[in-house]
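Participant:
Protein chains in written order, with our numbering: chain G, 1 to 116; chain U, 117 to 229.
Structure representation (structure tokens):
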């Protein structure tokens, strides 16, 4: 079945440590995204990528880094510079918008990161 | 800064009731408005709206966009307990080919027996 796989589902880290969240998709989508969701707040865009080896900052990129070496993979690293890293992280992908493509996002099941 | 506001924040209804969820937006370059349902973890896509006044319908759910009022509503008729979820509204404001969505905080709907 095609879909987006995020791993792990739950992650615990000590303050000051970098941590990498995995996101893999087999939908053959060109674009991939990382969102952060906090209780009582909407999803906020961290980074997105339209093609391999290219990515753009979203609204809250500080303290995060990404790479896009393969079309299928878009890992997110939460660095020690991120002040409040404890959150629920969602990865998504989409077809690039065009005359026929609608461009809606398909989401993974998310990773809950807790920094102790 | 792009902004999406949803109301009410939460709602409790009885099975069989009809509910209307609201979404208003202020964005610089409107491309489309999307509705998602989030039951546990992964939001699932419901509708994408680009034109005013054209209702999108899927079973008991329907949605319509009013670009003059910068708003959209999501209606659910004959609600069921399976409709209990957070309903997210998002606006795509990216003129490029990627979808850059700004989300509202969501409306938490609880349907009771």
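Cβ coordinates follow ideal geometry from the N, Cα and C atoms, glycine included.
1. For the putative contact between residue 146 of chain U and residue 104 of chain G, defined by C-beta atoms under 8 Å, what is the C-beta separation to the nearest angstrom?
2. From U:206, U:193, U:128, pick the residue whose C-alpha is nearest to that of residue 151 of chain U; which is it?
3. I'd like to check one pair, residue 4 of chain G with residue 36 of chain G: are the Cβ atoms closer than 8 Å?
4. Name the chain U residues whose beta carbon is nearer than 7 Å to that of residue 48 of chain G?
5. Specify, as a first and last residue, the run of the beta strand (DSSP E) that residue 13 of chain G falls within.
6. Could you confirm whether any beta carbon from chain U is found closer than 8 Å to the beta carbon of residue 108 of chain G?
7. Count Cβ pairs between the region 165-175 of chain U and the region 215-227 of chain U that sit closer than 8 Å; are there 3 or more?
8. Mind listing which residues of the region 195-214 of chain U have their C-beta closer than 9 Å to chain G's C-betas, in chain order?
9. By Cβ distance below 7 Å, which residues in the same chain neighbour residue 124 of chain U in space, the five residues on each side in sequence not counted?
10. Where do the N-terminal and C-terminal ends of the beta strand (DSSP E) with residue 93 of chain G fall, by residue?
11. By the criterion of Cβ-Cβ separation under 8 Å, what are the contact partners of residue 153 of chain U in chain G?
12. Using alpha carbons as the reference points, say which of G:94, G:93, G:107, G:89 lies closest to residue 38 of chain G.
13. What does residue 120 of chain U reach in chain G if we use C-beta pairs closer than 8 Å?
14. In this structure, does DSSP put residue 199 of chain U in helix, strand or coil?
15. In chain G, which residues lie less than 7 Å from residue 221 of chain U when you measure between Cβ atoms?
16. Since residue 123 of chain U is in the beta strand (DSSP E), which residue starts that stretch and which ends it?
Facilitator: In terms of the structure at hand:
1. At roughly 16 Å, the Cβ-Cβ gap does not stay under 8 Å, so residue 146 of chain U and residue 104 of chain G are not in contact.
2. U:206
3. In this structure, residue 4 of chain G does not lie closer than 8 Å to residue 36 of chain G by Cβ.
4. 214, 216
5. 10-13
6. yes
7. no
8. 204, 205, 206, 208, 210, 212, 213, 214
9. 223
10. Element bounds for residue 93 of chain G: 87-94.
11. Neighbours of residue 153 of chain U on chain G: none; closest Cβ ~11 Å, over 8 Å.
12. Distances from the CA of residue 38 of chain G to each of G:94, G:93, G:107, G:89 were compared; the closest alpha carbon is that of G:89.
13. 42
14. helix
15. 40, 41, 42
16. 119-123
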